[in-house]
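Residue numbers (our numbering), protein chains in the order written: chain R, 1 to 336; chain L, 1001 to 1336.
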DNA sequence: TTTATTTACGTAAACGTTTACGGAAAAAAC
DNA sequence: GTTTTTTCCGTAAACGTTTACGTAAATAAA
């Protein structure tokens, strides 16, 4: 720990600790000359205030927590990027936690954060079913902002994208390009994020007078290593001519599966997916994506959290919806 | 802040705060029965110890800082993933900071961390020239572990990959596949990480009796938005038949540039790059990569930091070198 | 001149936790 | 039965910072 503290400064300057403290915080009850002296000495001795003493006294930490399912994910790492930038501007610190989609881990993080270690939480929910009571408990004591992965049953401030419109428009795009059997790779189905994406898909089908066909919706199993084989048999059995994937992680295996099965994208099968892959353009074929403004979501989420800090936060209950971009590329090109 | 603290617990239990504290830490001088009572009450009242009070008292934070150039980067996000997992196992918290390659920001973070906010630092250096004195200053007070982006002139514990061998072998691979003019996209040249990569390239050329040709080394400019045009003119003017890129960010523009210029990868130009792209396999053509074990680097770096916590850390001065993988794919396939 | 106000600083308590020290009671040793 | 040891708990101080309160001196108002 830094050995130079306020007492040391005070001693060197022949002042009281109180005066030094006030001088450092530019209090009006300290003379300009004294302030000068204190500032200089502080600089000379490389004084850094002890954050724990401050936090203990102030009951605030100048720290926020970010809880996400995974860090190593194009969407979340971009969102964290945005969050970090906003936090840095305000001299806040960012703690980071990943749940690996486990609501048990998620809950344990939340409970630990009730200690006051952070002034607020930014969270993107794990896909596992959540305990709503928990969030009520936490949000009574701490401002929480939910982003992207949200749940309708949990009250609070939320930043999302236009999930329903995104899938609706994506299906529309597939229909326009001649798809007759549009499969949906479903994920996040415990969250409203997932439900809305699903609903957009369903409604678009209905509006195009497509028959209802539950088998065309592939539901992800428990284990990630089954994804590939699941998708492969889905393609072989259901023979879709278009696939809309609700997450990037399910779209990539489609490439491999199609190669394996001998299907050409987009000639035999058109593919479109939510994705924040930087180089979707360079894939073979380039992937038509629903691109979420991940960085902006992070900026927005952090921004609103700081707004909340300055007001009585429980008055907030809005949901901010940012628009995703449908970027049309080769994987959905041409008609059959 | 959590309203229930040790004093409250003590009051409810008719005990002193000291006894409660000791009971919670399972001290031997508290009877089994009292411990039970305390634990129960703590659970019932949802007691969470105030971390700032503890930290203030203990002079340690149970927190580590991770400083990286960018979070939204395949390599760094994976490394952070590894770090977070190790930290979680030990009930440590992870603060995250990004420098955007600016050594000024980097320094400012380091200085702020001297306050004792963290028990140790994991850092991957910004590519801008660094002030070594700064690090000496910091590392006198705080354990630092450097990973991947390291600097020989800065003493300390380091986790790197076999940068020299990686580029050496990559060049060898290009030579074996018939390349005669092998260009190098240089980056990180202020760091030993970059220097070693460069040296591996140079030595491999020499060992293959290639003439020295400085023009074949493209040096990155200041601005990132110039990358594409720089690379394009590099390819047009130097007409390399093989390119080795020292970072992923310089390899991707090659794809676009080749398309623009009308060169076929790998027929006209073979490409190989350091990269942690998850789906390098799916690029068009799939990219031959030098894949760094990013996750493991994170795990290793965090692991050694925790080892240091338990010993007198300034006795450590090792460099741990993990092996990268050369994954051969289409972008270097075939002979001319 | 007297009184009121302002300026500039010091004293001491508080934030919540931990721990050195002390001590009463119980248990063990003599 | 006395002494020593052990068990179990309380008191109080400390970590470094902040701030309510107090106050002496300087200035302004009367």
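Beta carbons are placed, not taken as given, at the ideal position from N, Cα and C, and that holds for glycine.
Out of the options, state which residue places its alpha-carbon closest to the alpha-carbon of residue i.
| i | options | result |
| --- | --- | --- |
| residue 1267 (chain L) | L:1225, L:1152, L:1336 | L:1336 |
| residue 1120 (chain L) | L:1142, L:1164, L:1136 | L:1142 |
| residue 1157 (chain L) | L:1177, L:1174, L:1135, L:1081 | L:1135 |
| residue 128 (chain R) | R:222, R:4, R:264 | R:222 |
| residue 1138 (chain L) | R:139, R:48, R:188, R:225 | R:48 |
| residue 391 (chain R) | R:28, R:245, R:265 | Nothing about residue 391 (chain R) can be reported from this structure: the residues present for chain R run from 1 to 336 only. |
| residue 1132 (chain L) | L:1287, L:1110, L:1118 | L:1110 |
| residue 1126 (chain L) | L:1164, L:1076, L:1283, L:1069 | L:1069 |
| residue 186 (chain R) | R:164, R:247, R:262, R:106 | R:247 |
| residue 292 (chain R) | R:253, R:164, R:210 | R:164 |
| residue 299 (chain R) | R:8, R:334, R:34, R:76 | R:76 |
| residue 333 (chain R) | R:61, R:242, R:207 | R:242 |
| residue 1252 (chain L) | L:1287, L:1269, L:1264, L:1263 | L:1287 |
| residue 1212 (chain L) | L:1028, L:1044, L:1220, L:1181 | L:1181 |
| residue 236 (chain R) | R:269, R:196, R:60 | R:269 |
| residue 166 (chain R) | R:155, R:200, R:193 | R:200 |
| residue 177 (chain R) | R:152, R:208, R:188, R:194 | R:208 |
| residue 1087 (chain L) | L:1152, L:1195, L:1122 | L:1122 |
| residue 204 (chain R) | R:175, R:115, R:188, R:317 | R:175 |
| residue 1124 (chain L) | L:1084, L:1106, L:1261, L:1307 | L:1106 |
| residue 1152 (chain L) | L:1234, L:1172, L:1195 | L:1195 |
| residue 1317 (chain L) | L:1155, L:1263, L:1262 | L:1155 |
On the DSSP bridge list, what partners appear for residue i?
| i | result |
| --- | --- |
| residue 30 (chain R) | Residue 30 (chain R) is not bridged to any residue. |
| residue 122 (chain R) | R:66, R:145 |
| residue 1289 (chain L) | L:1273, L:1327 |
| residue 1158 (chain L) | L:1146, L:1319 |
| residue 1305 (chain L) | Bridge partners of residue 1305 (chain L): none, in fact. |
| residue 1245 (chain L) | L:1185, L:1273 |
| residue 1094 (chain L) | L:1064 |
| residue 218 (chain R) | R:185 |
| residue 1202 (chain L) | In the DSSP output, where bridge partners are listed per residue, residue 1202 (chain L) has none listed. |
Do residue j and residue i have their beta-carbon atoms positioned less than 7 Å apart in this structure?
| i | j | result |
| --- | --- | --- |
| residue 1097 (chain L) | residue 1067 (chain L) | yes |
| residue 1149 (chain L) | residue 1191 (chain L) | yes |
| residue 238 (chain R) | residue 202 (chain R) | no |
| residue 1290 (chain L) | residue 1326 (chain L) | yes |
| residue 162 (chain R) | residue 323 (chain R) | yes |
| residue 1250 (chain L) | residue 1331 (chain L) | no |
| residue 113 (chain R) | residue 65 (chain R) | yes |
| residue 282 (chain R) | residue 1255 (chain L) | yes |
| residue 1081 (chain L) | residue 71 (chain R) | yes |
| residue 1232 (chain L) | residue 1257 (chain L) | yes |
| residue 276 (chain R) | residue 302 (chain R) | no |
| residue 100 (chain R) | residue 1095 (chain L) | no |
| residue 265 (chain R) | residue 285 (chain R) | yes |
| residue 130 (chain R) | residue 103 (chain R) | yes |
| residue 118 (chain R) | residue 63 (chain R) | yes |
What residues from chain L crowd round residue i, counting only those whose CB sits closer than 7 Å?
| i | result |
| --- | --- |
| residue 293 (chain R) | Simply none; closest approach about 13 Å. |
| residue 72 (chain R) | 1077, 1078, 1081 |
Mind listing the chain R neighbours of residue i? Cutoff is C-beta to C-beta under 7 Å, in chain order.
| i | result |
| --- | --- |
| residue 1227 (chain L) | Within 7 Å Cβ-Cβ: nothing; residue 1227 (chain L) doesn't reach chain R, min ~13 Å. |
| residue 1095 (chain L) | 93, 94, 95 |
| residue 1053 (chain L) | 56 |
| residue 1255 (chain L) | 282 |
Anything in chain L within Cβ reach of residue i, meaning under 8 Å, just list it in chain order.
| i | result |
| --- | --- |
| residue 252 (chain R) | 1278, 1279, 1282 |
| residue 11 (chain R) | Within 8 Å Cβ-Cβ: nothing; residue 11 (chain R) doesn't reach chain L, min ~19 Å. |
| residue 112 (chain R) | 1048 |
Kindly list, in the order they appear in chain R, the residues whose Cβ is closer than 8 Å to that of residue i.
| i | result |
| --- | --- |
| residue 1050 (chain L) | 56, 115, 116 |
Listing by chain order, which chain L residues have their CB less than 9 Å from the CB of residue i?
| i | result |
| --- | --- |
| residue 84 (chain R) | 1071, 1096, 1097, 1098 |
Just to make sure I have the definition right: I need the residues of chain R whose C-beta is within less than 9 Å of the C-beta of residue i. Which are they?
| i | result |
| --- | --- |
| residue 1184 (chain L) | Ordered by position in chain R, no residue passes the 9 Å Cβ test against residue 1184 (chain L), which lies about 21 Å from the chain. |
(request) Check whether the stretch 1040-1060 of chain L touches the stretch 30-41 of chain R, counting contact only when three or more Cβ pairs, one atom from each stretch, lie closer than 8 Å. (result) The answer is no - the stretch 30-41 of chain R does not touch the stretch 1040-1060 of chain L, with fewer than three Cβ pairs under 8 Å.
Counting pairs of beta carbons, one from the stretch 55-64 of chain R and one from the stretch 1052-1060 of chain L, are three or more of them closer than 8 Å?
They touch, by the three-pair rule.
Contact between the stretch 14-26 of chain R and the stretch 1001-1020 of chain L is defined here as three or more beta-carbon pairs at a separation below 8 Å; is this criterion met?
By the Cβ rule, the stretch 14-26 of chain R does not count as touching the stretch 1001-1020 of chain L, because fewer than three pairs are nearer than 8 Å.
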